[in-house]
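Peer 1:
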Amino acid sequence: MQDYTGLELSPRKAEYLKFLSGQGGSAKVSDLAGHFGVDPSTVTRTVRELRGEGFVHHEPYGDVVLTGFGEEYSAFLLRRHRIVGLILSHYGLSGEEACEEASRIECFISRKAVNKMCRALGHPTTGLCGEIAHDTLCRPEAVASHGQEKVS
């Protein structure tokens, strides 16, 4: 497991990783371009940067595939979104509103802060939009009980 703060990526790059995760860890450049409404050349440029940072594998004309670190990091991104959404829902926002607002602010929230929020919420297992897998730094006993490291 690589160490990271959770603040390494721009919001757009983070969205690419979350999209890839939702697609089973890989997608075509054209799928990314269609989903985000951008030209394939824009996707290729961003994917090249993500590859250089160790988040994805990509060969010309091949699928964009999350690396092990990319999978771990995208799991963190999903976890952060779900924790932030839960926090916002505690302050009266509907599930949809909390999800939208979480998407706007989550890129500014560190892994350390997410872990503290998770502890304060009692290590929830379900967020507004899915299961919350726990970070080894936040809740090592939950990871140990599953017999594997699972960071999100």
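Residue 6 is where the sequence shown starts when you use our numbering, and the numbers rise one by one after that.
The C-beta atom is built at its ideal place from N, Cα and C for all residues, glycine as well.
Do the CB positions of Ser79 and Leu22 come within less than 8 angstroms of each other?
Peer 2: Taking 8 angstroms as the Cβ cut-off, Ser79 and Leu22 qualify as a contacting pair.
Peer 1: Kindly indicate which three-state DSSP category Ser99 falls into: helix, strand or coil?
Peer 2: Correct three-state label for Ser99: coil.
Peer 1: Got a sec, what are the start and stop residues for the alpha helix (DSSP H) His40 sits in?
Peer 2: His40 -> alpha helix (DSSP H) spans 34-41.
Peer 1: Out of curiosity, what's the CA-to-CA distance linking Phe24 and Asp8?
Peer 2: Roughly 22 angstroms between the two C-alpha positions.
Peer 1: For Gly135, does the three-state DSSP call read helix, strand or coil?
Peer 2: In this structure, Gly135 counts as strand in the three-state DSSP scheme.
Peer 1: According to DSSP, simplified to helix, strand and coil, what is Glu154?
Peer 2: Low per-residue confidence applies at Glu154: pLDDT is 38, beneath 50, and the placement is therefore not dependable enough to give any value.
Peer 1: Among the candidates Val43, Val61, Ile88, whose CA atom is the shortest distance from the CA of Lys117?
Peer 2: Cα-wise, what sits closest to Lys117 is Ile88.
Peer 1: Between Val34 and Val52, is the Cβ-Cβ spacing less than 8 angstroms?
Peer 2: Cβ atoms of Val34 and Val52: closer than 8 angstroms.
Peer 1: How far does the alpha helix (DSSP H) with His63 in it reach, from first residue to last?
Peer 2: From DSSP, His63 is part of no alpha helix (DSSP H) but of the beta strand (DSSP E) over 61-63.
Peer 1: Below 8 angstroms on the Cβ atoms is my guess for Val69 versus Leu37; work out the distance and round it to an integer in Å.
Peer 2: Between Leu37 and Val69 the Cβ distance is about 7 angstroms, and since that is below 8 angstroms, they are a contact.
Peer 1: Can you round the beta-carbon distance between Leu71 and Ser31 to whole angstroms, since I take them to be within the 8 angstroms contact cut?
Peer 2: Indeed, because the Cβ distance is near 7 angstroms, the residues count as touching under 8 angstroms.
Peer 1: Tell me whether Leu83 sits in a helix, a strand or coil according to DSSP, three-state version.
Peer 2: Helix.
Peer 1: Three-state secondary structure (DSSP) at Ser94?
Peer 2: Helix.
Peer 1: Report the rounded CA-to-CA distance for Gly39 versus Asn120, giving the unit in angstroms.
Peer 2: Distance between the alpha carbons of Gly39 and Asn120 is about 34 angstroms.
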